[in-house]
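Notes for the one structure printed next.
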Amino acid sequence: MIGRSIATIIRGDDKPLLWALGVLVVIGGALGGGLGYLVVPQAFVLALIVGAFLAAAVPVGPLALTCKTVAAIGVFAMVGAGLATLAIGHPWWSAAVLAGVAFVGALWTALPVIGQMAAGLPTLLVLLIVTRGKEVTGGQEWHGAVLAIACGLVGVLLLAVILHARDPRGATRQLVSQCWDPDSTLSSHGLAAEVLRLDNASPALFALLTQASIAKIARTLSIKAREPAPEDVVAAGDSAQREIEAALVPRGRLVPRSVTADTQPLVSAEGELSGAALLGTTDRRTAIEHGRDVLTGQRAVHRYRSAVPGLWTMLLRLSASPDAAVFRFGVQQAAGLGLGALILLLTDVFAESAFWILLTIFLVLQRNAVATWTRLLQRVAGTWLGALSAAIVALVVPQAVLVPWLAVVVLMVGMAYVQRNYTVMAASIAVAIVWFMGSSSQDFWLWAGLRALDTVIGAVLAYAISRLILPVRPQMAKRFDDVVAQLHGLCDTLRSVAAAGSPLRMGGHQIDVATAMSNYDSDADMLGEEKKGEATAAGQQLRDQWDRINSLALVVVHDPQEVEGRERILQDGFTLLDDRFATLAKSRPQL
Numbered sequence: 002m003i004g005r006s007i008a009t010i011i012r013g014d015d016k017p018l019l020w021a022l023g024v025l026v027v028i029g030g031a032l033g034g035g036l037g038y039l040v041v042p043q044a045f046v047l048a049l050i051v052g053a054f055l056a057a058a059v060p061v062g063p064l065a066l067t068c069k070t071v072a073a074i075g076v077f078a079m080v081g082a083g084l085a086t087l088a089i090g091h092p093w094w095s096a097a098v099l100a101g102v103a104f105v106g107a108l109w110t111a112l113p114v115i116g117q118m119a120a121g122l123p124t125l126l127v128l129l130i131v132t133r134g135k136e137v138t139g140g141q142e143w144h145g146a147v148l149a150i151a152c153g154l155v156g157v158l159l160l161a162v163i164l165h166a167r168d169p170r171g172a173t174r175q176l177v178s179q180c181w182d183p184d185s186t187l188s189s190h191g192l193a194a195e196v197l198r199l200d201n202a203s204p205a206l207f208a209l210l211t212q213a214s215i216a217k218i219a220r221t222l223s224i225k226a227r228e229p230a231p232e233d234v235v236a237a238g239d240s241a242q243r244e245i246e247a248a249l250v251p252r253g254r255l256v257p258r259s260v261t262a263d264t265q266p267l268v269s270a271e272g273e274l275s276g277a278a279l280l281g282t283t284d285r286r287t288a289i290e291h292g293r294d295v296l297t298g299q300r301a302v303h304r305y306r307s308a309v310p311g312l313w314t315m316l317l318r319l320s321a322s323p324d325a326a327v328f329r330f331g332v333q334q335a336a337g338l339g340l341g342a343l344i345l346l347l348t349d350v351f352a353e354s355a356f357w358i359l360l361t362i363f364l365v366l367q368r369n370a371v372a373t374w375t376r377l378l379q380r381v382a383g384t385w386l387g388a389l390s391a392a393i394v395a396l397v398v399p400q401a402v403l404v405p406w407l408a409v410v411v412l413m414v415g416m417a418y419v420q421r422n423y424t425v426m427a428a429s430i431a432v433a434i435v436w437f438m439g440s441s442s443q444d445f446w447l448w449a450g451l452r453a454l455d456t457v458i459g460a461v462l463a464y465a466i467s468r469l470i471l472p473v474r475p476q477m478a479k480r481f482d483d484v485v486a487q488l489h490g491l492c493d494t495l496r497s498v499a500a501a502g503s504p505l506r507m508g509g510h511q512i513d514v515a516t517a518m519s520n521y522d523s524d525a526d527m528l529g530e531e532k533k534g535e536a537t538a539a540g541q542q543l544r545d546q547w548d549r550i551n552s553l554a555l556v557v558v559h560d561p562q563e564v565e566g567r568e569r570i571l572q573d574g575f576t577l578l579d580d581r582f583a584t585l586a587k588s589r590p591q592l
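Count along the sequence shown starting at 1, add 1, and that's the number in our numbering.
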């Protein structure tokens, strides 16, 4: 037991250190805090926090997607902070606002790209205002707090523009380029479609992605035919696709671009082929030619119609699904933070430590008890190690060096480890906090001891909440079957949409799949390492099938006039999906 606990504390992931993220956090905090100090000096701390926190969203994707992400989170944060400021001095109202923001934030964790950030910042700001009151807002009314957050928001948007201005569509264009790789997977095409939708990508990019998906489906058909296409014919198609892939990489205007993508070898081979090999080769050639014509500006394109529900629709559906793991997690967050804040505010117990205890609950509490226990060990170990190290170093290093210079460097190191090792990140942040907070009183040992104690109290409470309030128990076989059933429903709806329906009919099924997948992931996190590996592998197969369906949806909702041989392509695509469903049935985890 002790050995496993130590392994949990020191275990890291084989992920790169994000040094650029640490630098961006510092720059974002400086920009946001600087603007806040100029406009609302009393509450500039709020602007600084917003700038530092949302700077992490800047490298997420292209400019439009980044701005959308930052704006959505910022508006949510402003609403929460405004309500929390109005509730200062009223414990019941303060606790209610904190519980509500925590619940909505937890639901947002189920959304792609922006989930974790959206859950974190608004709750953190409300938590600060509820526990610290006018100390944080500088005595400002609600509109002053909102204005300070807006300043931080502007700082991050300015940073995003500076970083992405040279190539605003670079990330999405790169995604589409990768989909033209003959060895790409349809699951990667589905993921690219979701990113393009969030980014409000141009019709030309959607058209290119659609033709890439058609080419992939057709290539697979020609290879898997009873009498497959010759290798030289397949290689000729691969060469043409790679030309389009390479043409999409350079920065600059998307259309027109110079690309040849010679399909003459495919035309010559079609006279010697028959059956599925002929159909696949013909459809692939047509897709390559259409993609080439879009890039060279010789083919007009029309606006893409999304088959995925909007952000607010997904949130509303998730909030009305008590069976969803994310809903139960939201209830746990709301109950833990709301009740904790109410008790601490009414009784004045641990008044100076209220923020740190509640913050620890928020950071340690995960979607299930097993994940919460893991985070508890990492958080407590990291905080104690960091607090002790900070107090010892403060004995020998002058304060002028510690704050702010060395503290900022340590904070950047912690952010670089955000994906690699949570314990290291927690230790680095603890060091910075002890130095910053202890510098005013010169009592670093007192601050180190208080933060270490607060972390233990909050972590234990978080674990108790995960065990007592709507606990989650693993039911892997049931969860797997639920996801497969929802995927079948989504696929059947796609068939009917392909026949005559509206793409908007797919929205509800997309949310149902997301809910079922969230439940599956939450249950998988509760398993031991060996069983979790099997469940994770099966879950990846489910995700791949979901992405394949979304990839075929590109063809379904695209303008029929732009997809030559549409009916045959759809038939081939649905055949591939049916084959994968048969494979899924064999990969059902017996856990």
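Cβ coordinates follow ideal geometry from the N, Cα and C atoms, glycine included.
Could you give the DSSP three-state label for residue 262: helix, strand or coil?
The residue you call residue 262 lines up with position 261 of the sequence shown. In the structure shown, the three-state DSSP call for residue 262 is coil.
Under 8 Å between C-beta atoms of residue 245 and residue 187:
The count along the sequence shown starts at 1 and reaches residue 245 at position 244. The count along the sequence shown starts at 1 and reaches residue 187 at position 186. In terms of Cβ geometry, residue 245 and residue 187 do not form a close pair [threshold 8 Å].
Are the CB atoms of residue 364 and residue 428 within a distance shorter than 8 Å?
On the sequence shown, residue 428 is found 427 positions in, with the first residue counted as 1. On the sequence shown, residue 364 is found 363 positions in, with the first residue counted as 1. Note that the C-beta distance between residue 428 and residue 364 is not below 8 Å.
Assigned secondary structure, residue 442 (DSSP; H/G/I helix, E/B strand, else coil):
In the sequence shown, counting from the first residue as 1, residue 442 sits at position 441. Looking at residue 442 - three-state DSSP - the assignment turns out to be coil, as it is neither helix nor strand.
Around the C-beta of residue 105, are 16 or more other C-beta atoms found within 10 angstroms, so that it is buried, or is it exposed?
The count along the sequence shown starts at 1 and reaches residue 105 at position 104. Buried, because 16 or more other Cβ atoms sit within 10 Å of the Cβ of residue 105.
Assuming residue 140 is part of the alpha helix (DSSP H), what are its boundary residues?
Here residue 140 refers to the residue found at position 139 when the sequence shown is read from its first residue. Residue 140: not part of any alpha helix (DSSP H); DSSP gives it neither H nor E.
Rank 591, 185 and 339 by C-alpha distance to the C-alpha of residue 596 and give the top, closest one.
There is simply no residue 596 to check, as the chain begins at 2 and stops at 592 in what is shown.
For the alpha helix (DSSP H) containing residue 406, name the first residue and the last one.
Within the sequence shown, numbered from 1, the residue matching residue 406 stands at position 405. Premise fails: residue 406 is in no alpha helix (DSSP H) and is neither H nor E.
In chain order, what residues of the same chain lie with their CB nearer than 6 Å to the CB of residue 510, ignoring the 5 residues before and after it?
Sequence index remark: in the sequence shown, residue 510 carries index 509 (1-based). Cβ within range, chain order: 490, 491 and 494.
For residue 407 and residue 50, what's the separation of their Cα atoms in angstroms?
Position 406 of the sequence shown, counted from the start, is the residue given in the question as residue 407. Position 49 of the sequence shown, counted from the start, is the residue given in the question as residue 50. Rounded to whole angstroms, the separation of the alpha carbons of residue 50 and residue 407 is 19 Å.
Cβ-Cβ separation, residue 149 to residue 44 (assumed contact under 8 Å), whole Å
For the purposes of this step, residue 44 is identified with residue 43 of the sequence shown, where counting begins at 1. For the purposes of this step, residue 149 is identified with residue 148 of the sequence shown, where counting begins at 1. Contact flag correct, Cβ pair sits at about 4 Å.
Helix, strand or coil at residue 41 [DSSP, three-state]
Taking the first residue of the sequence shown as position 1, residue 41 is located at position 40. Coil.
CA-to-CA distance, residue 202 to residue 591, given in whole angstroms
Start at 1 with the first residue of the sequence shown, and residue 591 comes out as number 590. Start at 1 with the first residue of the sequence shown, and residue 202 comes out as number 201. Straight-line spacing of the CA atoms in residue 591 and residue 202 works out to 42 Å.
Look up residue 505 in the DSSP assignment and say whether it is helix, strand or coil.
Numbered from 1 along the sequence shown, position 504 holds the residue referred to as residue 505. For residue 505, the predicted structure reports a pLDDT of 48, less than 50, and the residue's modelled location is therefore unreliable. A value from the coordinates is still provided. Three-state result, residue 505: helix.
If you count every other CB in all the chains shown that lies within 10 Å of the CB of residue 469, and 16 or more means buried, which is it?
Numbered from its first residue, the sequence shown carries residue 469 at position 468. With fewer than 16 Cβ atoms within 10 Å of its Cβ, residue 469 is classed as exposed.
Range covered by the alpha helix (DSSP H) that runs through residue 92:
Position 91 of the sequence shown, counting from 1, holds the residue named residue 92. Element bounds for residue 92: 92-109.
If you draw a straight line from the C-alpha of residue 308 to the C-alpha of residue 219, how long is it?
Reading the sequence shown from its first residue, position 307 is the one you call residue 308. Reading the sequence shown from its first residue, position 218 is the one you call residue 219. Note that residue 308 scores a pLDDT of 48, beneath 50, so its modelled location is shaky; the value from the coordinates is reported in the next line. Roughly 23 Å between the two C-alpha positions.
At what residues does the alpha helix (DSSP H) containing residue 362 begin and finish?
Here residue 362 refers to the residue found at position 361 of the sequence shown. Looking at the DSSP string, the run of the alpha helix (DSSP H) that includes residue 362 is 355-365.
From residue 286 to residue 268, what does the alpha carbon distance come to, in whole angstroms?
The count along the sequence shown starts at 1 and reaches residue 286 at position 285. The count along the sequence shown starts at 1 and reaches residue 268 at position 267. Roughly 8 Å separates the two Cα atoms.
Report yes if the C-beta distance between residue 59 and residue 67 is below 8 Å; otherwise report no.
Walking along the sequence shown from the start, residue 59 turns up at place 58. Walking along the sequence shown from the start, residue 67 turns up at place 66. The answer is yes: Cβ separation under 8 Å.
Tell me the rounded alpha-carbon separation between residue 140 and residue 538.
Translated into positions along the sequence shown, residue 140 becomes position 139. Translated into positions along the sequence shown, residue 538 becomes position 537. CA-to-CA, the gap between residue 140 and residue 538 works out to about 53 Å.
Can you list, in chain order, the stretches of the alpha helix (DSSP H) that have 4 or more residues and sit fully within the stretch 436-505?
Complete alpha helix (DSSP H) runs here, min 4: 445-469 and 477-500.
Let me check understanding here. Comparing Cα to Cα, which of 227, 163, 281 and 229 lies closest to residue 214?
Start at 1 with the first residue of the sequence shown, and residue 214 comes out as number 213. Looking at the Cα atoms, 281 is the closest of the given residues.
Going by beta carbon distance, what residues of the same chain come within less than 7 Å of residue 2, once the five residues before and after it are set aside?
What you label residue 2 is simply residue 1 of the sequence shown in a count that begins at 1. Caution is warranted here: a pLDDT of 48 is assigned to residue 2, below 50, making its placement in the model unreliable, and the coordinate value is therefore given only provisionally. Taken in chain order, the list of residues that qualify is empty.
By Cβ distance below 7 Å, which residues in the same chain neighbour residue 505 in space, the five residues on each side in sequence not counted?
Numbered from 1 along the sequence shown, position 504 holds the residue referred to as residue 505. Because residue 505 sits at a pLDDT of 48, beneath the cut-off of 50, its placement in the model cannot be relied upon, and the point is left open.
Residue 402 burial status per 10 Å Cβ neighbour count (16 or more: buried)
Translated into the one-based positions of the sequence shown, residue 402 becomes position 401. Here residue 402 is exposed, its C-beta having fewer than 16 other C-beta atoms within 10 Å.
Counting along the chain, where does the alpha helix (DSSP H) carrying residue 643 start and finish?
Past the boundaries of the shown model lies residue 643; the chain is included only from 2 to 592, so the question cannot be answered.
Within 8 Å, do at least three Cβ pairs link the stretch 413-429 to the stretch 457-476?
Taking one beta carbon from each stretch, the stretch 457-476 and the stretch 413-429 have fewer than 3 pairs nearer than 8 Å; the two do not touch.
For residue 568, the first and last residue of its enclosing alpha helix (DSSP H)
Here residue 568 refers to the residue found at position 567 when the sequence shown is read from its first residue. Annotation: the continuous alpha helix (DSSP H) that includes residue 568 extends over 567-587.
So residue 339 and residue 99 are supposed to be a Cβ contact under 8 Å. How far apart are they, rounded?
Along the sequence shown, one-based indexing puts residue 339 at 338. Along the sequence shown, one-based indexing puts residue 99 at 98. Sure, about 6 Å apart at Cβ, within 8 Å.
Do residue 129 and residue 137 have their CB atoms nearer than 8 Å?
For the purposes of this step, residue 129 is taken as the residue at position 128 of the sequence shown. For the purposes of this step, residue 137 is taken as the residue at position 136 of the sequence shown. A distance below 8 Å separates the beta carbons of residue 129 and residue 137.
For residue 419, which of helix, strand or coil comes out of DSSP?
By one-based count along the sequence shown, residue 419 stands at place 418. Residue 419: coil per DSSP, three-state reduction.
Close-in-space but distant-in-sequence residues of the same chain around residue 454 (CB under 8 Å, 5 per side omitted):
Counted from its first residue, the sequence shown places residue 454 at position 453. Once the five neighbours on either side are set aside, the close Cβ partners of residue 454 are 354.
Backbone secondary structure at residue 181 - three-state DSSP:
Numbered from 1 along the sequence shown, position 180 holds the residue referred to as residue 181. Secondary structure of residue 181 (DSSP, three-state): coil.
Opening and closing residue of the alpha helix (DSSP H) in which residue 394 lies:
To locate residue 394, count along the sequence shown from 1; it is residue 393. Its alpha helix (DSSP H) spans residues 370-397.
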